[in-house]
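Note sheet for the following structure.
Protein chains: 2
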Amino acid sequence: MPGDFPALYRLGIVGAGQIARMTHQAAVKLGITPRLLAEHLDDSAAQAAPEAMFGHPDTLAAFADLCEVLTFEHERLDLGLLQLIEDSGAVVRPGTKTIRAAFDKLHQRRVLLNRGFPVPAFAEVRGPDDLFDFASTHGFPVVLKSVRAGLPGQRGVWIVESANEALRVLAEHGDRDLMAESFQAIVKELVVLVARRPGGFARSYPIAEMTYQDGEVREIRVPAAVGHPVAVQARELALRLADEFDAVGVLAVELFLTTDGLIVNELAARPHNAGHVTIENSPTSQFENHVRAVLDLPLGPTWSNAPAAVTINVIGGLENIDPANNLVDALAVEGAQVHLYGKIPRPGRKLGHVTALGDDIEQARELARRAEAALHGRRP
Amino acid sequence: MPGDFPALYRLGIVGAGQIARMTHQAAVKLGITPRLLAEHLDDSAAQAAPEAMFGHPDTLAAFADLCEVLTFEHERLDLGLLQLIEDSGAVVRPGTKTIRAAFDKLHQRRVLLNRGFPVPAFAEVRGPDDLFDFASTHGFPVVLKSVRAGLPGQRGVWIVESANEALRVLAEHGDRDLMAESFQAIVKELVVLVARRPGGFARSYPIAEMTYQDGEVREIRVPAAVGHPVAVQARELALRLADEFDAVGVLAVELFLTTDGLIVNELAARPHNAGHVTIENSPTSQFENHVRAVLDLPLGPTWSNAPAAVTINVIGGLENIDPANNLVDALAVEGAQVHLYGKIPRPGRKLGHVTALGDDIEQARELARRAEAALHGRRP
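See below:
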């Protein structure tokens, strides 16, 4: 039956968004056709891949039985259930230990602090008192965060400037577990992608720099505009983190470069939006190296193919324009690489991305911006 | 339902081998999920793509009704049926006129001769007399050819050195329509890929050079080792041929460089084995440009990314080793790009290919050969 060839790599991917879609493509190149655990027929990956099993993530155990190796495109999982599946002998990559570090930010902060990794001051927030205690020590603004990774597009971070604002957020989101962090003067937001095999052999990709717009990643540039010492420190930090949490597959380490140096912001135990650029800019994409790593196959080279690369996310606007309707204009931008995910447009939804390589960042950015604007039916 | 997003590009691909598999991937990148007309559940593309409809190519008409644009991965079609479908208003790209030129070599030769393209002397062979007449004029050896494109791995060319040998081949293959061509002193075998949109805008890829082994393409190198005048002439020739046959999509023009210059060998109205190298070596692969062209979207750049690129086909040997079993060794060859098609190994069957880019051909070939040898469980 389809997907059973070759039988020796029966890979299952939990989730069927664009990350799963691109991971599936990387596996197919290698002759491997992963199964997917999708939730909806129109999930991005389910449209492009056969062998999608449709079910709530709670059907994980049944899905795991079909697979030799289980991997994930998101961390929104029942960690208790996942631990049971792993303890029952299933090959779960990354394992529960890694996924918990990405999913439960309070747990992650405690481990990192304990191990001497650079993290901001933080505290659990069970109610207003915890928050005011924290603010009295560290002052406003305070960064209020949801402890657990949320759904795509779901807001999980609030920068509160005052006690009143804090009370408003708590009143609105008190149902979620929250934590507080001291506000940082952020110079840059960096991402280091690490691909790591069981046993610990790992490689990192050149550092990416992210810029945000309306809370969504807007633009990724490689190389990040940081000095050599910061670059070396960031890659070493990311590799140490991957070891710390026994990461297998791609671990995306989001870092803040602050006036006081690098601190760890977030972890993602999967291919990351900032790594889409590796499809064209590296000999081995983050997706292929994720597949290689979770199957314990040798990793491919991670260097940059071009002096500069820029990826711009194509994010749904209020007009709900389908970028597929403007493909003819976007593809007319010579040299831009257009990726669409087949998703139904919604405001704030990631519908695709555009990558351009260049001799310098400005040249690459100009191409990527023109193609992205075209997809939205705008002139850049 | 899956595959219906976006509705505006409902593309159907007839055939489900590796060409369809890689074409499907190129379409998915653009947010398009083509339907496939497959014949068997374990067809290479059917394993990796949903929306496969299973049926004999004779079910073409029913399949065409599901698609807005119909394209093909092979020319083994009922041209009468295809003409009917095209005449009924279906968008068939390439059209019957192009496919006939690739499918019916006698027809193709007559058109080319008529239009002044360089072709060898040829004649229809309805029986021994036709062959002997031809040999008496042009002498032995004579190239005996099946008029119609055969199945993959099916022999369609015989170089006969004598009347007795000719009679043997005719006795064995007299059921097939045959033609004779004068034997050429071949210096090199070249392939020029042209991507052409409806209306005639076209681009050609840098010329590829093919080497054969046991009648199967063994190795493809880009650039071909030919002088500038030959390269220019070859690309012009290919573009004129694409115009002549109103090609839409990729037209692969196989040329012989003989001691008397270039002559046309074969045409393929689809992405071609010699174009797999474009996946890594060009900003736009032959598969993406085929999809763009048949959907009348702007073509992408076709230049080479590297000074040299070599692709080696992974062809099943007598031992029936599944290269997927040796993936771990092949991926250990740093920088080699391994593509497997998920096919059940059979002697002579194309199971995958390996591409390597390099600063010169020797460097690229060395990498590709090491990875290919590893897939066969050999040391290079």
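Here the protein sequences line up with chains F and R, keeping their order. Numbering-wise, the numbering used here puts 347 at position 366 of the first sequence, and it's gapless, one number per residue. Numbering-wise, the numbering used here puts 163 at position 182 of the second sequence, and it's gapless, one number per residue. Even glycine gets a Cβ: it sits at the ideal position worked out from N, Cα and C.
Residue pairing by DSSP puts Thr192 of chain F in a beta bridge opposite F:Glu200.
Listed by position along chain F, the residues whose Cβ is nearer than 7 Å to that of Val309 of chain R are Leu278, Pro279.
Neighbours of Gly12 of chain F across chain R, judged by C-beta separation under 7 Å: Ala305, Leu321, Tyr322, Gly323, Gly333. Taking 8 Å as the cut-off, the beta carbon of Arg81 of chain F is found no closer than this to the beta carbon of Cys48 of chain F.
Between Leu238 of chain R and Val72 of chain F, the alpha-carbon positions lie close to 55 Å from each other. With its beta carbon at least 8 Å from every one in chain R, Gln(-1) of chain F lies outside the interface.
For Glu315 of chain F, the residues of chain R that pass the 7 Å Cβ criterion are Pro282, in the order they occur in the chain.
Judged by DSSP in its simplified three-state form, Val100 of chain R adopts coil rather than helix or strand.
Beta-bridge annotation (DSSP): Trp284 of chain R is not paired with any residue. Within the region 178 to 203 of chain F, no residue has its Cβ closer than 8 Å to any Cβ of chain R. Spatial neighbours of Glu142 of chain F in its own chain (CB-CB distance under 8 Å, excluding positions within 5 residues in sequence) are listed in chain order as Phe121, Pro122. Residues of the region 242 to 271 of chain R with a Cβ closer than 7 Å to any Cβ of chain F, in chain order: Pro264.
As summarised for the region 304 to 352 of chain R, the continuous beta strand (DSSP E) elements at least 3 residues long and confined to that stretch are 318 to 321, 331 to 339, given in chain order.
Listed in chain order, the beta strand (DSSP E) elements of length 3 or more contained wholly in the region 156 to 180 of chain R are 159 to 163, 167 to 177. A straight-line Cα-Cα distance of about 21 Å links Gln194 of chain F and Ala317 of chain F. Distance from the CA atom of Pro204 of chain R to the CA atom of Lys86 of chain F, rounded to whole angstroms, is 52 Å. Taking the C-beta atoms as reference points, Gly230 of chain F is found no nearer than 8 Å to Ala290 of chain F. Boundaries for Ser263 of chain F: no beta strand (DSSP E) harbours it, and the DSSP string shows neither H nor E there. One finds Gln6, Val9, Lys10 in chain F with Cβ atoms closer than 8 Å to the Cβ of Gln6 of chain R, taken in chain order. Gln344 of chain F has a beta carbon lying at 8 Å or more from every beta carbon in chain R.
Annotation: Glu247 of chain R is outside any alpha helix (DSSP H); the continuous beta strand (DSSP E) that includes it extends over 242 to 249. The straight-line gap separating the alpha-carbon atoms of Phe115 of chain R and Gly108 of chain R is approximately 11 Å. In this structure, the straight-line span from the alpha carbon of Leu280 of chain R to that of Tyr186 of chain R is close to 12 Å.
Closest in alpha carbon position to Gly323 of chain F, among F:Glu315, F:His334, F:Val314, F:Ala313, is F:His334. Around the Cβ of Arg360 of chain R, a 10 Å sphere holds fewer than 16 other Cβ atoms; the residue is exposed. For the C-beta of Arg273 of chain F, the chain R residues within less than 8 Å are, from N- to C-terminus, Leu312. A residue is called buried when at least 16 other Cβ atoms come within 10 angstroms of its Cβ; Trp284 of chain R does not meet this threshold and is exposed.
Looking at the backbone, the Cα of Glu235 of chain F and that of Gln214 of chain F are separated by about 13 Å. Proximity to Gly(-2) of chain R across R:Asp340, R:His119, R:Arg330 peaks at R:Arg330, based on C-alpha coordinates. Of all residues in the region 202 to 216 of chain F, none comes within less than 7 Å of chain R when Cβ atoms are compared. Within chain R, no C-beta atom comes less than 9 Å from the C-beta of Pro288 of chain F; the nearest is roughly 14 Å away.
Under the 10 Å beta carbon count, Ile188 of chain R is surrounded by 16 or more other beta carbons and is classified as buried.
The beta-carbon separation of Asp111 of chain R and Ala104 of chain R, rounded to 6 Å, stays under the 8 Å limit for a contact. A Cβ of chain R is located within less than 8 Å of the beta carbon of Ala29 of chain F. In the DSSP assignment, Phe237 of chain F falls within the beta strand (DSSP E) that extends over 230 to 239. Beta-bridge partners of Phe35 of chain R (DSSP): R:Ala19.
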